[in-house]
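Have a look at the structure below before the remarks.
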Amino acid sequence: MKVEIRRSKRRRKTVQARVVDGKLIVYAPERIDEGRLAEIIANIRKRVERRQLQGKLNKEVDLAKIAQSLNRRYFSGRLRFKSIEWATNQSKRFGSCHSREGKIRISHRLAQMPHWVRDYVLVHELAHLEEPNHSPRFWKLVNRYPYTERARGFLIAKGMEENESL
Ligand SMILES: [Zn+2]
1012 MKVEIRRSKR RRKTVQARVV DGKLIVYAPE RIDEGRLAEI IANIRKRVER
1062 RQLQGKLNKE VDLAKIAQSL NRRYFSGRLR FKSIEWATNQ SKRFGSCHSR
1112 EGKIRISHRL AQMPHWVRDY VLVHELAHLE EPNHSPRFWK LVNRYPYTER
1162 ARGFLIAKGM EENESL
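Just so we're aligned: the sequence shown equals residues 1012 to 1177 in this note's numbering.
Dropping the structure here:
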């Protein structure tokens, strides 16, 4: 992403930025420490790029649709959820499920993994809609998906864990 820095004498402390035609325009005070400015820009850029990637993934891969077919196949279609979306702010965790709200979020890192791994994560999070804990009943549900053990090994090798607090 291209960056253009616009300096202003009137601007005292704050740095602001916006994206115009795919370019990041940064408004900065005239006398700001260069190292500090570079750091601020790097952070803004990371945030903007994450948001863009999230939007792109959600447009390209309809997780809710995939989840619906997994729901039919492994849960006899009985699960209800509100939203299932890609998220770019969880790179260590593979997914999360707010069972009360019916909201599931899946890490963007899964987008680069084999589909059977992504689908395992979907089944895992879907099962949490019924079983918030990793109880024997939970694993009984998840193990209906045939690649469960293989996918868990795969994710452990990638250093991804689940957020257990949800
Ligand atoms: Zn879990």
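Note that the Cβ used here is the ideal one computed from N, Cα and C, for glycine as well.
So, for residue i: in the same chain, excluding its five sequence neighbours on each side, which residues have a beta-carbon less than 6 Å away from its beta-carbon?
{"i": "residue 1150", "result": "none"}
{"i": "residue 1175", "result": "In this prediction, residue 1175 has a pLDDT of 49, which is less than 50 and means its spatial position is unreliable; what the coordinates show is noted afterwards. So no residue of the chain qualifies."}
{"i": "residue 1128", "result": "1162 and 1165"}
With hydrogens ignored, establish whether the beta-carbon of residue i is closer than 7 Å to any heavy atom of ligand 1.
{"i": "residue 1145", "result": "yes"}
{"i": "residue 1126", "result": "no"}
{"i": "residue 1135", "result": "yes"}
{"i": "residue 1109", "result": "no"}
Which residues does DSSP pair with residue i in a beta bridge?
{"i": "residue 1109", "result": "1114"}
{"i": "residue 1027", "result": "1038"}
{"i": "residue 1013", "result": "1034"}
Output needed for residue i: all residues of its chain with C-beta closer than 7 Å, excluding positions within five of it in sequence on either side, in chain order.
{"i": "residue 1069", "result": "1096 and 1097"}
{"i": "residue 1102", "result": "1118 and 1120"}
{"i": "residue 1131", "result": "1156, 1158, 1159 and 1162"}
With a threshold of 8 Å on Cβ separation, who are the neighbours of residue i within its own chain once the five nearest residues in sequence on each side are excluded?
{"i": "residue 1049", "result": "none"}
{"i": "residue 1015", "result": "1034, 1035, 1036 and 1037"}
{"i": "residue 1019", "result": "1038, 1039, 1040 and 1041"}
{"i": "residue 1022", "result": "1038, 1039, 1040 and 1041"}
Inset, instruction - Report yes or no: do three or more beta-carbon pairs, one from the stretch 1114-1122 and one from the stretch 1143-1162, lie closer than 8 Å? - result: Three or more Cβ pairs closer than 8 Å define a contact, and the stretch 1114-1122 falls short of that threshold against the stretch 1143-1162.
Inset, instruction - Please confirm if the stretch 1046-1063 is in contact with the stretch 1079-1091, defined as three or more CB-CB distances below 8 Å between the two stretches. - result: The stretch 1046-1063, when compared against the stretch 1079-1091, does not touch it at the 8 Å Cβ threshold.
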